[in-house]
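S.K.: Below is one structure. I have some questions about it.
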Amino acid sequence: MQKITKTGRIVVTIGLLIMAILLASVTISYMEGGIKEQEEGLETWEPGGEQHPVIVNRPGLMPMVDSGKKDHNGNAVLIRCNNCHDVKKPNTLTADATQLDDFHQNMTFKHHSLKCASCHNPEDYESLRLADGTSVAFSNVMQLCAQCHGPQYRDYKNGSHGGMTGYWDLTRGPRKRNNCVDCHDPHAPAYPKLMPVFPPKTRAGTKGDASTH
Amino acid sequence: MSEEKKEPCGSNCGCHGSNAGKEGMFNRRNLLKGAGATLGVAAFAKAMAPLTEWKETTSVDEFLQTHYRELDKEQLAEVIARLEKETRENYDAEVSISDIKPQKGVKFGYALNLSICVGCRRCAKACHEENNHDRASGNSYIRVLEMSKGSMDMEHGNADYNHPVPRDDKFYMPVQCQQCENPPCVDVCPVEATWKENDGIVVVDYNWCIGCRYCEAACPYHARRFNWTKPEIPKEEINPEQGYLSNRIRPQGVMEKCTFCLHRTRKGKLPACLEACPTGARVFGNLLDPKSEIRTVLANKRVFVLKEELGTKPNFFYFFDE
Numbered sequence: 288m289q290k291i292t293k294t295g296r297i298v299v300t301i302g303l304l305i306m307a308i309l310l311a312s313v314t315i316s317y318m319e320g321g322i323k324e325q326e327e328g329l330e331t332w333e334p335g336g337e338q339h340p341v342i343v344n345r346p347g348l349m350p351m352v353d354s355g356k357k358d359h360n361g362n363a364v365l366i367r368c369n370n371c372h373d374v375k376k377p378n379t380l381t382a383d384a385t386q387l388d389d390f391h392q393n394m395t396f397k398h399h400s401l402k403c404a405s406c407h408n409p410e411d412y413e414s415l416r417l418a419d420g421t422s423v424a425f426s427n428v429m430q431l432c433a434q435c436h437g438p439q440y441r442d443y444k445n446g447s448h449g450g451m452t453g454y455w456d457l458t459r460g461p462r463k464r465n466n467c468v469d470c471h472d473p474h475a476p477a478y479p480k481l482m483p484v485f486p487p488k489t490r491a492g493t494k495g496d497a498s499t500h
Numbered sequence: 004m005s006e007e008k009k010e011p012c013g014s015n016c017g018c019h020g021s022n023a024g025k026e027g028m029f030n031r032r033n034l035l036k037g038a039g040a041t042l043g044v045a046a047f048a049k050a051m052a053p054l055t056e057w058k059e060t061t062s063v064d065e066f067l068q069t070h071y072r073e074l075d076k077e078q079l080a081e082v083i084a085r086l087e088k089e090t091r092e093n094y095d096a097e098v099s100i101s102d103i104k105p106q107k108g109v110k111f112g113y114a115l116n117l118s119i120c121v122g123c124r125r126c127a128k129a130c131h132e133e134n135n136h137d138r139a140s141g142n143s144y145i146r147v148l149e150m151s152k153g154s155m156d157m158e159h160g161n162a163d164y165n166h167p168v169p170r171d172d173k174f175y176m177p178v179q180c181q182q183c184e185n186p187p188c189v190d191v192c193p194v195e196a197t198w199k200e201n202d203g204i205v206v207v208d209y210n211w212c213i214g215c216r217y218c219e220a221a222c223p224y225h226a227r228r229f230n231w232t233k234p235e236i237p238k239e240e241i242n243p244e245q246g247y248l249s250n251r252i253r254p255q256g257v258m259e260k261c262t263f264c265l266h267r268t269r270k271g272k273l274p275a276c277l278e279a280c281p282t283g284a285r286v287f288g289n290l291l292d293p294k295s296e297i298r299t300v301l302a303n304k305r306v307f308v309l310k311e312e313l314g315t316k317p318n319f320f321y322f323f324d325e
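Heads up: the sequence lines are chains A and B, in that order. Heads up: the first sequence begins at 288 in the working numbering, then just goes up one per residue. Heads up: the second sequence begins at 4 in the working numbering, then just goes up one per residue.
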């Protein structure tokens, strides 16, 4: 008799435990049901498919030089290179603007030990010249820069050098990119020092009032 | 001696129960009860004070609004219509608030090239304008730190520099929300007003946030901001393209944070800070796309994350060129 009661107690206890667990799980699932499964916006993103173009900003086909004079409307008078260079004999040894007798004299030149003819084509001043002698249009200037600046060109192609705007997702829109000479003056290519914009006004993480520095 | 022994009242006070009742209502017990009740009522009144000092800026609908993730489509549409109406009333500006959901197959990642960042702070400015920050405080989700070369400790960075940049002995490190895999800010929120979305963006429901600022304290990157005042923005400067979880004008007294411009990036666009970067130091993209620019950076550059030892697992990476 005693034995049966003991077994009965154990059975009842286990039964109660199971019921408690069931009740708890039902309650939890009900509470979690309050927050709905996050719905996805569009269909699953997939690579490939139709891609919008990456438009690289190119310098104009026809390079022009500012003569320093203004026309009647106040616009700068621009001159084609061949206006002068067609009749002038090129001096491939010229390394600096100060060595010139006329024109281009005020130009800063700070590009390592390059000479004018390192990049400019002395046979046709309206184009550029690669190290192997191939003529390159001004609009393809990046090909010229890449001869020496390989790592930068590689990074540019990989999207980790040079400013851009537009879409990260080319399946949904195009992207616009700068080219080398948009940011680097080819005659003095070091990125210029500039004043930072938008000084912080709050003190968080800073040493005090920005205006006192 | 025939007097009956009286029963004590039970509180060991030495009184005799039946006598106590005869002393009327001004006995010690009733006074204590009265004092307790008064205190209780006063405490209750104090607790209810926010309701009695009901501000006109809080509408009934706003007060009764449920959590973003519990809203169904119609409710959300109503909420958005109300928010657009309130923006019209408070700021005199026509805005459209969208709610773009995360996309399957997309997980956002950001990388920043410290070798070419010049510290010009254009990203911080673009963030300020894109995300409808309060103009007076000059708030931005990005803080650009001027760091001494040789040190990687962001706690020693200075955000208050004001001289031509870059200085030769310094490098510049913009810090914003790192969209951690394991975000401490989400863990500490007592009301679940902030959470991590499926595309990796940690967001805030500005209408559910109670402004306790626990998340601000928990974030090791100092990436969260608090709206101390009602944001003031001239009508013509308000960015009308807004997202419910991102750049809509926040109410006073709530937390806010960088969302990788999800109102832009979930449409496939680049974030505003990247577009503003003049040097291309910023790389943004889909971590799940093996051909993406961000994956190329992760595969080929020497990449590190801030405060790796904390185990937050950021989705924001920094790298130097060789």
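Virtual Cβ for every residue (Gly too), placed ideally from N, Cα, C. Just so it is clear, the structure is predicted and the values come from calculations on it, not from any experiment.
1. Between lysine 260/B and tyrosine 113/B, is the Cβ-Cβ spacing less than 8 Å?
2. Can you tell me which of Lys76/B, Tyr94/B, Leu277/B puts its alpha carbon nearest to the alpha carbon of arginine 253/B?
3. Look at the alpha carbon of lysine 293/A and the alpha carbon of proline 317/B, and state the distance between them as a whole number of angstroms.
4. Would you mind working out which of Gly314/B, Thr315/B, Arg298/B, Pro169/B sits nearest phenylalanine 322/B, comparing C-alpha positions?
5. Between asparagine 142/B and asparagine 250/B, is the Cβ-Cβ spacing less than 8 Å?
6. For aspartate 102/B, count neighbouring C-beta atoms within 10 Å of its own C-beta (all shown protein chains included) and say buried if the count is 16 or more, exposed if not.
7. Please state whether DSSP places glutamine 181/B in a helix, a strand or coil.
8. Any C-beta of chain A sitting closer than 8 Å to the C-beta of valine 308/B?
9. Tell me whether isoleucine 100/B sits in a helix, a strand or coil according to DSSP, three-state version.
10. Using a 10 Å radius around the Cβ and a threshold of 16 neighbouring Cβ atoms, would you call leucine 431/A buried or exposed?
11. Is the Cβ-Cβ distance between histidine 398/A and histidine 474/A less than 8 Å?
12. Name the two residues that bound the continuous beta strand (DSSP E) containing glutamine 245/B.
13. Can you list the alpha helix (DSSP H) stretches of 4 or more residues lying completely in the region 410 to 446 of chain A, in chain order?
14. What is the DSSP secondary structure of glutamate 89/B, counted as helix, strand or coil?
15. Name the residue from Pro105/B, Lys49/B, Val82/B, Tyr164/B whose alpha carbon lies nearest to the alpha carbon of phenylalanine 263/B.
16. Does the region 474 to 485 of chain A come within contact of the region 114 to 127 of chain B, defined as at least 3 CB pairs closer than 8 Å?
17. Take valine 44/B and list the residues in its own chain whose beta-carbon comes closer than 6 Å to its own, dropping the five residues that flank it on each side.
18. Do you know offhand how far valine 428/A's Cα is from valine 468/A's?
19. Does the region 78 to 96 of chain B come close enough to the region 299 to 306 of chain B that 3 or more CB-CB pairs lie under 8 Å?
20. Please name the residue or residues paired with methionine 258/B in a DSSP beta bridge.
21. Return the residues of the region 443 to 477 of chain A that lie within a Cβ-Cβ distance of less than 7 Å from chain B, sorted by chain order.
22. So, at 6 Å on beta carbons, what are the nonlocal neighbours of histidine 372/A in its own chain, with the 5 sequence-adjacent residues on each side left out?
23. Determine whether the Cβ of glutamate 333/A lies closer than 8 Å to any Cβ atom of chain B.
24. If the cut is a Cβ gap below 7 Å, which residues of chain A does alanine 127/B touch?
25. Quick check: what's the CA-CA separation for aspartate 156/B versus proline 223/B?
26. Is tyrosine 224/B helix, strand or coil when you go by DSSP?
27. Does any C-beta atom of chain B lie closer than 8 Å to the C-beta of leucine 481/A?
28. What does proline 438/A touch in chain B if you count any residue whose Cβ is under 9 Å from its own?
29. In terms of residues, what are the limits of the alpha helix (DSSP H) holding serine 405/A?
30. Grab the span of the alpha helix (DSSP H) containing asparagine 116/B for me, first residue to last.
31. With a 10 Å radius around its C-beta and 16 neighbouring C-beta atoms as the bar for buried, classify methionine 258/B as buried or exposed.
32. What did DSSP end up calling tyrosine 144/B once you bin it into helix, strand or coil?
33. Could you check if valine 299/A is buried or exposed, using at least 16 other CB atoms within 10 Å of its CB as the buried criterion?
34. Which residues of the region 221 to 254 of chain B have a Cβ closer than 7 Å to any Cβ of chain A? Give them in chain order.
35. Who are the near neighbours of alanine 418/A in its chain, counting only those whose CB is closer than 7 Å to its CB and skipping five residues on each side?
36. Is the CB of lysine 376/A under 8 Å away from at least one CB in chain B?
M.R.: In brief:
1. no
2. Tyr94/B
3. 58 Å
4. Arg298/B
5. no
6. buried
7. coil
8. no
9. strand
10. buried
11. yes
12. 244 to 246
13. 428 to 432, 437 to 444
14. helix
15. Pro105/B
16. yes
17. none
18. 8 Å
19. no
20. Phe229/B
21. Asn445, Gly446, Ser447, His448, Gly449, Gly450, Met451, Thr452, Gly453, Tyr454, Trp455, Asp456, Arg459, Gly460, Cys470
22. Tyr412
23. yes
24. Phe485
25. 12 Å
26. coil
27. yes
28. Asp324, Glu325
29. 403 to 406
30. Asparagine 116/B -> not in any alpha helix (DSSP H); beta strand (DSSP E) instead, spanning 111 to 116.
31. buried
32. coil
33. exposed
34. His225
35. Gln434
36. no
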